[in-house]
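> Per my numbering, residue 1 is the first one in the sequence shown, and the count goes up by one each step.
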Amino acid sequence: MLADSERKMLRILSNYLTRHNKMPNMEQLETMAGKRKDQIIQSLKELEKQEYVQWENKSSVENIVILEAWERGTAPTKSPNISRGADYWTMY
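1. By how many angstroms is the C-alpha of Ile-66 removed from the C-alpha of Leu-13?
2. Is the shortest distance between the beta-carbon of Asp-38 and the beta-carbons of chain B less than 9 Å?
3. For Ala-33 and Asp-4, what's the separation of their Cα atoms in angstroms?
4. Cutting at 8 Å between CB atoms, please list the residues of its own chain near Met-23, excluding the five before and the five after it.
5. Using only CA atoms, which one of Leu-29, Gln-50 and Arg-19 lies nearest to Ile-41?
6. Does the separation of the CB atoms of Glu-71 and Leu-10 fall below 9 Å?
7. From Arg-36 to Lys-8, what does the alpha carbon distance come to, in whole angstroms?
8. By how many angstroms is the C-alpha of Leu-2 removed from the C-alpha of Trp-55?
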């Protein structure tokens with residue numbers, strides 16, 4: 001099970017990659033996470049230790065590879081089915 005800071009870092013990395021098609025730099029991570037550089041590096045090392053990310057070249061956070069985007073044991077929930085609303089008036 002991931003600590004809150006590692007879980008938050010994993011979500012930030014995954015969401016940023018999905019949205020921008022690249023990894024954030026350290027300044028962006030500091031802003032998004034609200035953490036100092038040393039705290040971010042500690043979280044990233046823990047994610048690497050638990051094999052959620054791969055971070056071979058530690059000179060830059062931009063070359064991190066996400067191996068698992070979600071914490072193990074918890075899958076993203078499905079969105080509820082949304083109907084157009086006509087069923088309320090026609091199905092009784």
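In this text, a Cβ means the ideal position worked out from N, Cα and C, and glycines have one as well.
Predicted model only: the values in this text are computed from it and were never measured.
Based on what the coordinates show:
1. The count along the sequence shown starts at 1 and reaches residue 13 at position 13. The count along the sequence shown starts at 1 and reaches residue 66 at position 66. If you take the alpha carbons of Leu-13 and Ile-66, they lie about 8 Å apart.
2. Reference to chain B is not applicable here, since this structure consists of a single protein chain.
3. Taking the sequence shown and counting its residues from 1, the one referred to as residue 33 is at position 33. Taking the sequence shown and counting its residues from 1, the one referred to as residue 4 is at position 4. The straight-line gap from Cα to Cα measures roughly 11 Å.
4. Looking up residue 23 in the sequence shown gives position 23. Answer for Met-23: Leu-13, Tyr-16, Leu-17, Val-61, Glu-62, Asn-63 and Ile-64, listed in chain order.
5. One-based indexing of the sequence shown puts residue 41 at position 41. When each option's Cα is compared against that of Ile-41, the closest is Leu-29.
6. Position 71 of the sequence shown holds residue 71. Position 10 of the sequence shown holds residue 10. It is a contact, given that the beta carbons lie within the stated cut-off.
7. Along the sequence shown, one-based indexing puts residue 36 at 36. Along the sequence shown, one-based indexing puts residue 8 at 8. About 14 Å.
8. Counting from one through the sequence shown, the residue named residue 55 turns up at place 55. Counting from one through the sequence shown, the residue named residue 2 turns up at place 2. Between Trp-55 and Leu-2, the C-alpha separation is close to 18 Å.
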